[in-house]
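Asks:
Residue numbers (the numbering used here), protein chains in the order written: chain A, 162 to 445; chain B, 220 to 440.
1) Give the straight-line distance between the Cα atoms of residue 292 of chain B and residue 282 of chain A, rounded to the nearest whole angstrom.
2) How about residue 269 of chain B: is its C-beta nearer than 9 Å to some C-beta of chain A?
3) So the beta strand (DSSP E) residue 435 of chain B belongs to, where does it begin and stop?
4) Find the residues of chain B that neighbour residue 185 of chain A, judging by a C-beta separation of less than 8 Å, and give them in chain order.
5) My output table needs one value for residue 424 of chain B: the three-state DSSP class, helix, strand or coil.
6) If residue 363 of chain B sits next to residue 405 of chain B, beta carbons under 8 Å apart, how far is it from one beta carbon to the other, in whole angstroms?
7) With H, G and I counted as helix, E and B as strand and the rest as coil, what does DSSP make of residue 343 of chain B?
8) Within the same chain, show all residues whose beta-carbon is closer than 6 Å to that of residue 229 of chain B, passing over the 5 residues directly before and after it, in chain order.
9) Under the three-state reduction of DSSP, which class applies to residue 356 of chain A: helix, strand or coil?
10) Rounded to the nearest angstrom, what separates residue 363 of chain A and residue 420 of chain A at their Cα positions?
11) Quick one: is residue 230 of chain B near chain A, going by C-beta distance under 9 Å?
12) Residues of chain A with a CB under 8 Å from the CB of residue 165 of chain B: which are they?
13) Compute the distance between the beta-carbons of residue 313 of chain B and residue 256 of chain B, then report whether it is under 9 Å.
14) Residue 391 of chain B and residue 410 of chain B - do their beta-carbons sit closer together than 9 Å?
15) Which ranges would you report for the beta strand (DSSP E) in the segment 355-385 of chain B if only whole runs of at least 3 residues count?
16) Should residue 418 of chain A be labelled buried (16 or more other beta-carbon atoms within 10 Å of its own) or exposed?
17) Might you give, ordered along the chain, the residues of its own chain that have their beta carbon closer than 6 Å to the beta carbon of residue 279 of chain A, omitting 5 neighbours on each side?
18) Contact criterion: CB-CB distance below 9 Å. Does residue 207 of chain A meet it with respect to chain B?
19) Compare the C-alpha of residue 444 of chain A against each of A:211, A:262 and A:373 and name the closest.
20) Once DSSP output is grouped into helix, strand and coil, what is the label at residue 256 of chain B?
21) Going along chain A in order, which residues have a C-beta closer than 7 Å to the C-beta of residue 234 of chain B?
22) Quick one, are the C-beta atoms of residue 358 of chain A and residue 311 of chain A less than 9 Å apart?
23) Could you check if residue 437 of chain B is buried or exposed, using at least 16 other CB atoms within 10 Å of its CB as the buried criterion?
24) If you reduce the DSSP assignment to three classes, tell me which class residue 225 of chain A lands in.
25) Based on the DSSP output, what are the partners of residue 297 of chain A in its beta bridges?
26) On the premise that residue 352 of chain B lies in contact with residue 240 of chain B, defined as a C-beta separation below 8 Å, what is that separation, rounded to the nearest angstrom?
27) For residue 318 of chain B, tell me which candidate among B:427, B:332 and B:342 has the shortest Cα-Cα distance.
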């Protein structure tokens, strides 16, 4: 059975004296009736697919609509420019987020995490960490288990679908998952991992899903960047010892409630919001 | 949801419903046809029609009909591949009353002359529903092996089919019966826990009153 609360996963981790990611892996072993090796290697395959998708980014590709493509290459040039304000890590996160989301829009092969529209957030953070921090690959696979466990709880208590909960359910969820995963990699404890997930989600609450012409392009692609960067700053706040005044499980429940309150015209129907801006109507 | 529905699936973008779901509908329909494809008429409905082009729904459906899965990088080239294989593909639109906004009607013809009409719905995520076969309502996802038997609405056909399954030790997960009218055309849809042996399917086709046997196998081609 999937966990319905982060506090339950943390409690299981403490009573059984095993790491958080291991609790999530054990649950998968039980639920899908697989061995530990099968579960771990399947998650490793997800990481490999992310790595391959990142490598295969093609700057010349454009989406069917003509709205997207090529911005990842601009960020790559920007990252290599020494006059930029931000550090290399953050610049690389931005670049990878756009590249992945653009690949998705241009019919490239990606890993839905948790959705196709939010596929850039988690790899942007984790692949950059793998590349820049020279951490062991298995640690990143473990971090993906953490991300998956957080996503599972969100799906259980709220939603991971834009049509159901707005963009907060897609980019918000991805950002929260990435924040938790990153905090694990930074050797944060269970409480810090939970706080990072809570802080990240709080920053995304209320976000609508109003894509131009109903396509997973505008504003989705660039929102992957803000989701990834938000994951990093939320994780860093948690690592600094900042706590979320509202516990993570309550934040997720809140996201679910807000999702229900967002009107249907702002939940993947393209009847309102950015989709109705004069410049958007040209593409509809 | 299991963790690989959260991190995963690996798929060709941009949309789980309009791209990955469309590939799955094509794939399931090709399996239901049960032979190589010669021609396909693809009639899009609702949101598939409205935003399908931007989502590559056309490529995706054809890719599935060619036997590709949702993670096949050749999906964007499917129309070209179909052309090279000499498969005739026609696109159009349809108004499908009482079907999901993401729906498509497929009129398929196989190389041995078999014809099949399928309505597939992409109901969210990359989950699909085969909602009609040859004009009769159905309701299955293609996650399990599925047997579809078209027969005359006469007593005894259900027991013939279920006895055969019992004999072959195949357990039934779900079963649905539909008919157009009393004594008219009927269809039964059985979702199964394991695969049916080939010869048992052949035996079914020989039964009096059984008009068509369609089988969706979950084994890879």
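Glycine included, C-beta positions come from ideal geometry on N, C-alpha and C.
Replies: In brief:
1) 22 Å
2) Yes, residue 269 of chain B counts as interfacial toward chain A.
3) 429-435
4) The answer, in chain order, is 222.
5) helix
6) No, residue 363 of chain B and residue 405 of chain B are not in contact; Cβ-Cβ is about 21 Å, not under 8 Å.
7) strand
8) 290
9) helix
10) 13 Å
11) yes
12) Here chain B comprises residues numbered 220 to 440, so residue 165 of chain B is not present and cannot be evaluated.
13) no
14) yes
15) 355-359 and 365-371
16) exposed
17) The beta carbon of residue 279 of chain A sits closer than 6 Å to the beta carbons of 331, 332 and 335 from its chain, once the five residues preceding and following it are set aside; these are given in chain order.
18) yes
19) A:373
20) strand
21) 277 and 377
22) yes
23) exposed
24) coil
25) For residue 297 of chain A, which the question treats as bridged, DSSP gives no partner whatsoever.
26) Between residue 352 of chain B and residue 240 of chain B the Cβ distance is about 18 Å, and since that is not below 8 Å, they are no contact.
27) Closest option to residue 318 of chain B, judged by alpha-carbon separation, among B:427, B:332 and B:342: B:342.
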